[in-house]
Amino acid sequence: MTQKKSLLPKIFINSVPKSSTNLLIQILNGILKVYQGRSLWAENVNEVLKLEHGEMVYSHIPYDYSFSKELQLRSIKQVFIYRDLRDVAVSMVYFINEKFHDHPLHPVFQKRLLTFEEQLNAVILGIDLIGEENNNKWGVEKRYPGIYEEFHMIYEWRNDPTVCTIRYEDLTNDGSKDEVILSIIDYLWEDLKELEINKFELLRLAKNNIDPGNSWTFRQGRIGGWRKEFTETNKRNFKETTGDFLIELGYEENNDW
Numbered sequence: 026m027t028q029k030k031s032l033l034p035k036i037f038i039n040s041v042p043k044s045s046t047n048l049l050i051q052i053l054n055g056i057l058k059v060y061q062g063r064s065l066w067a068e069n070v071n072e073v074l075k076l077e078h079g080e081m082v083y084s085h086i087p088y089d090y091s092f093s094k095e096l097q098l099r100s101i102k103q104v105f106i107y108r109d110l111r112d113v114a115v116s117m118v119y120f121i122n123e124k125f126h127d128h129p130l131h132p133v134f135q136k137r138l139l140t141f142e143e144q145l146n147a148v149i150l151g152i153d154l155i156g157e158e159n160n161n162k163w164g165v166e167k168r169y170p171g172i173y174e175e176f177h178m179i180y181e182w183r184n185d186p187t188v189c190t191i192r193y194e195d196l197t198n199d200g201s202k203d204e205v206i207l208s209i210i211d212y213l214w215e216d217l218k219e220l221e222i223n224k225f226e227l228l229r230l231a232k233n234n235i236d237p238g239n240s241w242t243f244r245q246g247r248i249g250g251w252r253k254e255f256t257e258t259n260k261r262n263f264k265e266t267t268g269d270f271l272i273e274l275g276y277e278e279n280n281d282w
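So for the sequence shown, the working numbering puts the first residue at 26; every next one is plus one.
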């Protein structure tokens, strides 16, 4: 087992929040459990860089060129997943209201902004925090910055050629799921002969470990759910805040949506 463990990759799962991080963790845990690997949350880059063979950490860390080079020097494999930022915004509102009560926006939603449209606008545009809303665990003292400002640098990992980048929409689509998981396996292992297993067996192990009900962050995972939630005001604010971001990501051909 020790000899085989030395052949296992050091895996860093990085993601835009609310992009099905837990699904990706379950997929890779399905493989690592066979080799008694372990997975854990990383609070910062230093914890990621301490990875050993057969271990996996996950986090939401913005792109940084120096950090990317450190990952390469330590042979740490990064699997990065992202999602349409509009669906991320909608999912964040529900998550804050229903489960994430430590988020600085939770008291805002409870006391100041009571409609979904208002809450979604706060997530899109950002909002000043006042009174007891400043007393949160996230270090936001005066203002929540808005989802684009908060997350857009995480999306920059998609342009790093050393990273295995996947889209949430492709991983959750039955027509492309197997292809995406196989691409992850190919990225993590150049040769599986010494592990005495083939990639299709790893694919089976990965898929068998998927259990959406075993994730406290999972709600519906609907693709394009933003269409039912965004008002015209939400759309206008999102476009003004993000510019051509959705076009750059390939989710839209223009801003006429």
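Backbone N, C-alpha and C define an ideal beta-carbon position, used for all residues, glycine too.
Item to complete: Quick one: grab the DSSP three-state call for Thr-190.
Response: Within the sequence shown, residue 190 is the residue found at index 165, counting from 1. In the structure shown, Thr-190 sits in a strand (DSSP, three-state: E or B).
Fill in: Cβ-based neighbour list, Gly-249, same chain, cut-off 8 Å, excluding 5 preceding and 5 following
The sequence position of residue 249 within the sequence shown is 224, counting from 1. Cβ within range, chain order: Asp-109 and Asp-112.
Worksheet entry | Unbroken stretches of the alpha helix (DSSP H), 4 residues or longer, contained in the segment 96-145 | 110-123 and 131-136
Worksheet entry | Distance between His-85 and Ala-147 (C-alpha atoms, nearest Å) | Translated into the one-based positions of the sequence shown, residue 147 becomes position 122. Translated into the one-based positions of the sequence shown, residue 85 becomes position 60. Distance between the alpha carbons of Ala-147 and His-85 is about 21 Å.
Fill in: Residue environment, Glu-263, which counts as buried when at least 16 other CB atoms sit within 10 Å
Taking the sequence shown and counting its residues from 1, one reaches residue 263 at position 238. Contrary to the premise, residue 263 reads as Phe rather than Glu in this sequence. Flag for Phe-263 reads buried.
Worksheet item: So which of Glu-194, Thr-190, Gly-200 and Tyr-173 has the shortest CA-CA distance to Ile-210?
Response: Taking the sequence shown and counting its residues from 1, one reaches residue 210 at position 185. Comparing Cα-Cα distances from Ile-210 to each of Glu-194, Thr-190, Gly-200 and Tyr-173, the minimum goes to Thr-190.
Practice prompt. Would you decide whether Met-26 is buried or exposed? Buried here means 16 or more other CB atoms lie within 10 Å of its CB.
Written response: Taking the sequence shown and counting its residues from 1, one reaches residue 26 at position 1. Unreliable positioning characterises Met-26 in this predicted model, as indicated by a pLDDT of 44, which lies under 50. The coordinate reading is nonetheless provided below. It counts as exposed.
Item to complete: Thinking Ile-272 and Ala-231 are a contact (beta carbons under 8 Å), I'd like their distance in whole angstroms, please.
Response: Here the question's residue 272 lines up with position 247 in the sequence shown. Here the question's residue 231 lines up with position 206 in the sequence shown. Not really, about 32 Å apart at Cβ, beyond 8 Å.
Worksheet item: Looking at the structure shown, is Asn-39 part of a helix, part of a strand, or coil, going by DSSP?
Response: On the sequence shown, position 14 is the one that residue 39 refers to. DSSP places Asn-39 in strand when its eight states are reduced to three.
Worksheet entry | Pro-129 versus Asn-47, Ser-208, Gly-171 and Val-104, residue with shortest Cα-Cα distance | The sequence position of residue 129 within the sequence shown is 104, counting from 1. The residue with the shortest Cα to Cα distance from Pro-129 is Gly-171.
Worksheet item: Is Val-104 closer than 8 Å to Leu-49 when the C-beta atoms are compared?
Response: As a working note, residue 49 is residue 24 in the sequence shown. As a working note, residue 104 is residue 79 in the sequence shown. Yes, the pair counts as a contact, with Cβ atoms nearer than the cut-off.
Discussion item. Whether or not the segment 211-222 and the segment 38-49 are in contact is what I'm after, with contact meaning three or more pairs of Cβ atoms, one per stretch, closer than 8 Å; do they touch?
Written reply: no
Worksheet item: At what residues does the alpha helix (DSSP H) containing Tyr-173 begin and finish?
Response: Indexing the sequence shown from 1 puts residue 173 at position 148. Its alpha helix (DSSP H) spans residues 172-180.
Discussion item. For Asp-153, list the residues DSSP reports as bridge partners.
Written reply: Taking the first residue of the sequence shown as position 1, residue 153 is located at position 128. Looking at the DSSP assignment, Asp-153 forms a beta bridge with Arg-168.
Worksheet item: From Tyr-88 to Ile-179, what does the alpha carbon distance come to, in whole angstroms?
Response: Start at 1 with the first residue of the sequence shown, and residue 88 comes out as number 63. Start at 1 with the first residue of the sequence shown, and residue 179 comes out as number 154. Those two C-alpha atoms are separated by around 5 Å.
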